[in-house]
Amino acid sequence: MHRFPDGAHVRLRTRIEGAYVYANEDGYGVSMSPHGASLNAVWAVRRLVRRGTSYVLLHGAAYGRYLSVTRDDAPRGHGRVVQRLYDDPRRRDVLWVAVEDGDMTGDVVMRNRRYGPWRRYEHPDETISWMVEAIPPRQDPPELPPVVPPPIVPLRGTMLGRQRHVLPQPVSPRSIQYGRATDQEGFNPLVWSTLWFDGQFVSNLRRDIANALGEHDELNVTLCVRGGSQGRLTPLVTDLPGDEQAMEIVVFTTGSQEQIHYP
10 MHRFPDGAHV RLRTRIEGAY VYANEDGYGV SMSPHGASLN AVWAVRRLVR RGTSYVLLHG
70 AAYGRYLSVT RDDAPRGHGR VVQRLYDDPR RRDVLWVAVE DGDMTGDVVM RNRRYGPWRR
130 YEHPDETISW MVEAIPPRQD PPELPPVVPP PIVPLRGTML GRQRHVLPQP VSPRSIQYGR
190 ATDQEGFNPL VWSTLWFDGQ FVSNLRRDIA NALGEHDELN VTLCVRGGSQ GRLTPLVTDL
250 PGDEQAMEIV VFTTGSQEQI HYP
(Lines of atoms letter the chains of each structure in order from A and count residues from 1; the text may use other names and numbers.)
(Lines give C-alpha, C1' and ligand atoms only; values in the text may rest on other atoms or scores of the structure.)
Protein backbone atom coordinates (compact mmCIF):
# COMPACT_ATOMS: atom_id res chain seq x y z
CA MET A 1 0.00 0.00 0.00
CA HIS A 2 1.73 3.13 -1.28
CA ARG A 3 -0.05 5.38 1.22
CA PHE A 4 2.00 3.86 4.05
CA PRO A 5 5.70 4.03 3.10
CA ASP A 6 8.06 2.66 5.72
CA GLY A 7 9.39 5.36 8.05
CA ALA A 8 6.81 8.00 7.07
CA HIS A 9 4.45 9.84 9.42
CA VAL A 10 0.71 9.96 8.76
CA ARG A 11 -2.61 10.96 10.24
CA LEU A 12 -5.75 8.85 9.90
CA ARG A 13 -8.89 10.94 9.46
CA THR A 14 -12.52 10.00 8.97
CA ARG A 15 -14.07 11.64 5.93
CA ILE A 16 -17.54 12.18 7.43
CA GLU A 17 -16.67 13.57 10.87
CA GLY A 18 -13.20 14.87 10.05
CA ALA A 19 -11.89 13.33 13.28
CA TYR A 20 -8.38 11.95 13.77
CA VAL A 21 -7.09 8.81 15.43
CA TYR A 22 -5.70 10.14 18.71
CA ALA A 23 -3.38 8.53 21.26
CA ASN A 24 -4.94 9.34 24.62
CA GLU A 25 -2.74 10.91 27.29
CA ASP A 26 -3.19 7.88 29.55
CA GLY A 27 -0.87 5.99 27.19
CA TYR A 28 -3.42 3.24 26.57
CA GLY A 29 -6.67 4.46 25.10
CA VAL A 30 -7.28 5.58 21.53
CA SER A 31 -10.04 8.02 20.64
CA MET A 32 -11.33 10.20 17.80
CA SER A 33 -10.34 13.85 18.11
CA PRO A 34 -10.60 17.05 16.02
CA HIS A 35 -7.09 18.04 17.16
CA GLY A 36 -5.15 16.96 14.11
CA ALA A 37 -2.31 19.40 14.86
CA SER A 38 -1.46 17.52 18.06
CA LEU A 39 1.47 15.11 18.06
CA ASN A 40 -0.94 12.60 19.61
CA ALA A 41 -2.71 12.41 16.23
CA VAL A 42 0.49 11.51 14.36
CA TRP A 43 1.57 7.92 13.68
CA ALA A 44 4.85 6.55 12.37
CA VAL A 45 4.67 3.81 9.73
CA ARG A 46 6.52 0.53 9.87
CA ARG A 47 6.22 -2.13 7.17
CA LEU A 48 6.62 -5.82 7.89
CA VAL A 49 6.23 -8.87 5.66
CA ARG A 50 5.15 -12.19 7.17
CA ARG A 51 4.48 -15.29 5.12
CA GLY A 52 4.12 -13.24 1.97
CA THR A 53 1.68 -10.69 3.42
CA SER A 54 2.72 -7.05 3.74
CA TYR A 55 1.54 -5.51 7.01
CA VAL A 56 1.36 -1.95 8.29
CA LEU A 57 2.31 -1.20 11.89
CA LEU A 58 1.59 2.23 13.35
CA HIS A 59 3.28 3.58 16.47
CA GLY A 60 2.43 6.90 18.03
CA ALA A 61 4.69 9.90 17.53
CA ALA A 62 3.82 10.96 21.09
CA TYR A 63 4.58 7.83 23.16
CA GLY A 64 5.94 5.28 20.67
CA ARG A 65 3.27 2.69 21.46
CA TYR A 66 1.63 0.62 18.77
CA LEU A 67 -1.95 0.64 17.55
CA SER A 68 -3.39 -2.66 18.68
CA VAL A 69 -6.74 -4.29 19.39
CA THR A 70 -8.09 -5.83 22.58
CA ARG A 71 -11.29 -7.60 23.57
CA ASP A 72 -11.29 -5.88 26.96
CA ASP A 73 -14.28 -3.53 27.42
CA ALA A 74 -15.28 -4.07 23.78
CA PRO A 75 -18.75 -4.93 22.44
CA ARG A 76 -19.37 -8.65 22.40
CA GLY A 77 -17.68 -10.30 19.44
CA HIS A 78 -15.65 -7.20 18.57
CA GLY A 79 -12.39 -5.52 19.55
CA ARG A 80 -11.34 -2.10 20.79
CA VAL A 81 -8.34 -0.19 19.45
CA VAL A 82 -5.72 0.71 22.08
CA GLN A 83 -2.03 1.57 22.45
CA ARG A 84 0.30 -1.26 23.42
CA LEU A 85 3.96 -2.13 23.64
CA TYR A 86 5.28 -4.30 20.83
CA ASP A 87 7.17 -6.74 23.02
CA ASP A 88 6.71 -10.07 21.25
CA PRO A 89 7.59 -10.75 17.59
CA ARG A 90 4.69 -13.22 17.45
CA ARG A 91 2.06 -10.59 18.27
CA ARG A 92 -0.66 -10.37 15.67
CA ASP A 93 -2.80 -7.63 17.19
CA VAL A 94 -0.36 -4.91 16.06
CA LEU A 95 -0.45 -6.04 12.42
CA TRP A 96 -2.74 -4.22 9.98
CA VAL A 97 -3.54 -4.61 6.30
CA ALA A 98 -4.59 -1.43 4.48
CA VAL A 99 -7.10 -2.03 1.68
CA GLU A 100 -8.53 0.65 -0.61
CA ASP A 101 -12.20 1.25 0.08
CA GLY A 102 -13.21 0.86 -3.57
CA ASP A 103 -15.34 4.02 -3.69
CA MET A 104 -12.81 5.95 -5.81
CA THR A 105 -12.04 8.39 -2.97
CA GLY A 106 -8.66 6.87 -2.14
CA ASP A 107 -9.82 6.09 1.41
CA VAL A 108 -8.62 2.89 3.04
CA VAL A 109 -10.04 0.26 5.36
CA MET A 110 -7.70 -1.02 8.07
CA ARG A 111 -7.98 -4.74 8.82
CA ASN A 112 -6.31 -6.09 11.93
CA ARG A 113 -4.48 -9.39 11.50
CA ARG A 114 -6.20 -10.88 14.53
CA TYR A 115 -9.53 -9.08 14.92
CA GLY A 116 -10.55 -8.04 11.42
CA PRO A 117 -11.75 -4.63 10.14
CA TRP A 118 -11.47 -1.50 12.26
CA ARG A 119 -15.05 -0.72 13.23
CA ARG A 120 -16.74 2.08 15.07
CA TYR A 121 -16.77 1.51 18.81
CA GLU A 122 -20.30 2.92 19.18
CA HIS A 123 -21.58 1.04 16.09
CA PRO A 124 -19.50 -2.15 15.90
CA ASP A 125 -21.20 -3.34 12.72
CA GLU A 126 -19.94 -0.30 10.78
CA THR A 127 -16.47 -0.41 9.23
CA ILE A 128 -14.51 2.87 9.19
CA SER A 129 -12.99 4.33 6.02
CA TRP A 130 -9.89 6.46 6.55
CA MET A 131 -8.29 9.34 4.72
CA VAL A 132 -4.50 8.99 5.01
CA GLU A 133 -2.74 12.34 5.42
CA ALA A 134 1.00 12.29 4.80
CA ILE A 135 3.14 14.52 7.05
CA PRO A 136 6.42 15.90 5.69
CA PRO A 137 9.42 15.58 8.02
CA ARG A 138 10.69 18.57 9.96
CA GLN A 139 14.15 19.96 9.37
CA ASP A 140 14.80 20.61 13.07
CA PRO A 141 13.53 18.96 16.26
CA PRO A 142 10.70 20.75 18.05
CA GLU A 143 11.17 22.49 21.38
CA LEU A 144 10.21 20.41 24.39
CA PRO A 145 7.05 21.60 26.16
CA PRO A 146 7.78 23.85 29.14
CA VAL A 147 7.45 22.73 32.74
CA VAL A 148 4.15 24.16 33.98
CA PRO A 149 4.22 25.29 37.63
CA PRO A 150 1.29 24.33 39.85
CA PRO A 151 -1.55 26.87 39.92
CA ILE A 152 -1.62 29.64 42.51
CA VAL A 153 -4.74 30.14 44.62
CA PRO A 154 -5.46 32.66 47.39
CA LEU A 155 -5.24 31.48 50.97
CA ARG A 156 -8.56 31.21 52.75
CA GLY A 157 -9.37 33.18 55.83
CA THR A 158 -7.06 36.11 55.12
CA MET A 159 -7.58 39.65 53.89
CA LEU A 160 -3.95 40.19 52.91
CA GLY A 161 -4.32 38.59 49.52
CA ARG A 162 -1.60 36.05 50.18
CA GLN A 163 -1.41 33.12 47.80
CA ARG A 164 0.03 29.63 47.74
CA HIS A 165 0.89 27.01 45.15
CA VAL A 166 -1.39 24.02 44.89
CA LEU A 167 0.80 20.94 44.98
CA PRO A 168 0.05 18.29 42.33
CA GLN A 169 -1.45 15.01 43.42
CA PRO A 170 1.29 12.59 44.50
CA VAL A 171 2.08 9.86 41.97
CA SER A 172 4.20 6.77 42.16
CA PRO A 173 7.68 7.12 40.67
CA ARG A 174 8.04 5.67 37.20
CA SER A 175 10.85 3.27 36.34
CA ILE A 176 12.96 4.61 33.47
CA GLN A 177 15.31 2.14 31.82
CA TYR A 178 17.84 4.13 29.84
CA GLY A 179 20.88 3.39 27.72
CA ARG A 180 23.42 5.56 25.95
CA ALA A 181 23.84 5.08 22.20
CA THR A 182 27.19 5.59 20.51
CA ASP A 183 27.78 6.90 17.02
CA GLN A 184 29.63 3.74 16.03
CA GLU A 185 27.69 0.93 17.70
CA GLY A 186 24.23 2.30 18.38
CA PHE A 187 22.85 1.02 21.69
CA ASN A 188 23.01 -2.33 23.43
CA PRO A 189 19.44 -3.54 24.14
CA LEU A 190 20.78 -5.86 26.85
CA VAL A 191 22.42 -3.14 28.95
CA TRP A 192 20.21 -0.64 30.77
CA SER A 193 20.51 1.66 33.76
CA THR A 194 17.53 2.48 35.96
CA LEU A 195 16.26 5.86 37.07
CA TRP A 196 13.14 6.49 39.15
CA PHE A 197 11.30 9.52 37.87
CA ASP A 198 8.49 11.55 39.43
CA GLY A 199 6.03 13.41 37.25
CA GLN A 200 5.36 13.65 33.53
CA PHE A 201 7.41 16.62 32.29
CA VAL A 202 9.77 15.47 29.55
CA SER A 203 12.05 18.47 30.18
CA ASN A 204 12.62 17.27 33.74
CA LEU A 205 13.26 13.74 32.51
CA ARG A 206 15.90 14.99 30.08
CA ARG A 207 17.52 16.97 32.90
CA ASP A 208 17.58 13.97 35.24
CA ILE A 209 19.00 11.60 32.62
CA ALA A 210 21.63 14.15 31.61
CA ASN A 211 22.67 14.48 35.26
CA ALA A 212 22.83 10.69 35.65
CA LEU A 213 25.11 10.50 32.59
CA GLY A 214 27.35 13.31 33.84
CA GLU A 215 26.31 15.72 31.09
CA HIS A 216 26.70 19.35 32.15
CA ASP A 217 24.30 20.61 29.48
CA GLU A 218 21.02 18.75 29.11
CA LEU A 219 20.67 20.12 25.56
CA ASN A 220 23.49 17.77 24.60
CA VAL A 221 21.19 14.75 24.91
CA THR A 222 18.25 13.67 22.77
CA LEU A 223 15.78 11.12 24.14
CA CYS A 224 14.04 8.40 22.17
CA VAL A 225 11.44 6.04 23.62
CA ARG A 226 11.21 2.39 22.63
CA GLY A 227 7.66 1.01 22.54
CA GLY A 228 8.56 -2.54 23.57
CA SER A 229 11.48 -4.85 22.83
CA GLN A 230 10.37 -5.13 19.18
CA GLY A 231 9.47 -1.46 18.86
CA ARG A 232 11.21 1.18 16.82
CA LEU A 233 12.69 4.24 18.46
CA THR A 234 10.50 7.34 18.64
CA PRO A 235 11.85 10.82 19.50
CA LEU A 236 10.42 11.78 22.90
CA VAL A 237 9.36 15.40 22.51
CA THR A 238 6.11 15.47 24.48
CA ASP A 239 5.30 14.98 28.13
CA LEU A 240 5.04 11.43 29.42
CA PRO A 241 1.73 9.54 29.45
CA GLY A 242 -0.21 9.42 32.67
CA ASP A 243 -0.15 5.66 33.26
CA GLU A 244 3.18 5.52 35.18
CA GLN A 245 4.20 2.48 33.14
CA ALA A 246 7.93 1.76 32.94
CA MET A 247 9.61 3.23 29.87
CA GLU A 248 12.74 2.40 27.89
CA ILE A 249 14.72 5.45 26.80
CA VAL A 250 17.65 5.45 24.39
CA VAL A 251 19.89 8.50 24.75
CA PHE A 252 21.71 10.03 21.77
CA THR A 253 24.15 12.89 21.63
CA THR A 254 22.16 15.74 20.09
CA GLY A 255 22.84 16.06 16.38
CA SER A 256 24.65 12.73 16.09
CA GLN A 257 21.80 10.55 14.87
CA GLU A 258 20.66 11.32 11.34
CA GLN A 259 18.08 8.53 11.38
CA ILE A 260 15.84 10.35 13.86
CA HIS A 261 12.91 11.85 11.94
CA TYR A 262 10.53 14.40 13.43
CA PRO A 263 7.02 14.94 12.05
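With our numbering applied, the sequence shown corresponds to residues 10 to 272, in that order. All residues carry an ideal CB built from backbone N, CA and C; glycine is no exception. This one's a predicted model, so the numbers in the text were calculated from it and none came from an experiment.
{"query": "Beta-carbon gap between residue 214 and residue 258 smaller than 9 Å", "result": "yes"}
{"query": "Beta-carbon proximity of residue 11 to residue 52, cut-off 9 Å", "result": "no"}
{"query": "CB contact flag (residue 185, residue 144, <9 Å)", "result": "no"}
{"query": "Continuous beta strand (DSSP E) stretch holding residue 218: start and end", "result": "Segment 211-221 is the alpha helix (DSSP H) holding residue 218; no beta strand (DSSP E) there."}
{"query": "Closest Cα partner of residue 188 within the set 233, 205 and 209", "result": "233"}
{"query": "The region 63-73 / the region 233-249 touching (three or more Cβ pairs under 8 Å)", "result": "yes"}
{"query": "C-alpha gap between residue 80 and residue 147, whole angstroms", "result": "37 Å"}
{"query": "When 211, 97, 210 and 136 are compared against residue 116, the one with the closest alpha-carbon", "result": "136"}
{"query": "Simplified DSSP assignment, three categories, for residue 142", "result": "strand"}
{"query": "Selection from 152, 90 and 134 that minimises the alpha carbon distance to residue 123", "result": "90"}
{"query": "As assigned by DSSP and simplified to three states, the class of residue 34", "result": "coil"}
{"query": "Alpha-carbon to alpha-carbon, residue 153 and residue 210", "result": "9 Å"}
{"query": "Residues near residue 139 in its chain [Cβ-Cβ closer than 7 Å; skip 5 each side]", "result": "21, 22, 23, 116, 117 and 119"}
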